[in-house]
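J.: Dropping a structure here in structure tokens format, bear with me for questions.
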Amino acid sequence: ERWNCCVFCKIAHGKDPDTDLLYKDDNYVAFRSIKPAASHHYLVVPKNHIKDAVGLKPHHIPMLEQMEYIGKEVLSQLGGDLNSSRLGYHWPPFISVPHLHLHVISPECELSSRSHILFKPGTRWFRTTNQVISKLNTRSLVSTL
1 ERWNCCVFCK IAHGKDPDTD LLYKDDNYVA FRSIKPAASH HYLVVPKNHI KDAVGLKPHH
61 IPMLEQMEYI GKEVLSQLGG DLNSSRLGYH WPPFISVPHL HLHVISPECE LSSRSHILFK
121 PGTRWFRTTN QVISKLNTRS LVSTL
């Protein structure tokens, strides 16, 4: 069983009593980061194990869009500021847990200097959903040529 080796699979399948799920449906869960970079720092995780964003294909785009939607909903419901937020994915080798997860962080003004760098969109190590989707669309276009 996958949750024996992956902490996020364990959480996603309700096998970790120490983690409160802020959101759950048949495909995704959201919960608080154990290393928050700001007062609102949540993770949105697909229940299906996907190692990281590098292995994504164009058919994963709706999943990424849904994860972003869930992240924004959770942030709004818990009083976070969407206008002062960072949402994105770390890129290997800069990932701490090898299970795809969307960081949802707010407000940006609470980020330390280190966190501003760690969660800086457009870097080699952190990309927004739109940046990942753009990369997937480019890859799809190239593969059809």
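Residue numbers (full-length UniProt numbering): 1 to 145.
A virtual CB, placed ideally from N, CA and C, is assigned to each residue, including glycine.
Measure the alpha-carbon distance for Val7 versus Val97 and round it to whole angstroms.
T.: For Val7 and Val97, the distance between alpha carbons rounds to 8 Å.
J.: Across which residues does DSSP place Lys24 in a beta bridge pair?
T.: Paired residues: Val29.
J.: Does the beta carbon of Pro58 fall short of 7 Å from some heavy atom of the ligand ATP?
T.: This structure simply doesn't include the ligand ATP, nor any ligand for that matter.
J.: Helix, strand or coil for His60? Go by DSSP, reduced to three states.
T.: Looking at His60 - three-state DSSP - the assignment turns out to be helix.
J.: Between which two residues does the alpha helix (DSSP H) containing Val7 stretch?
T.: Where Val7 is concerned, the enclosing alpha helix (DSSP H) stretches over 7–12.
J.: Buried or exposed for Leu87, please, with buried defined as at least 16 other CB atoms from any protein chain shown within 10 angstroms of its CB.
T.: With 16 or more Cβ atoms within 10 Å of its Cβ, Leu87 is classed as buried.
J.: Classify Thr138 as buried or exposed, calling it buried when 16 or more other Cβ atoms lie within 10 Å of its own Cβ.
T.: Label assigned to Thr138: exposed.
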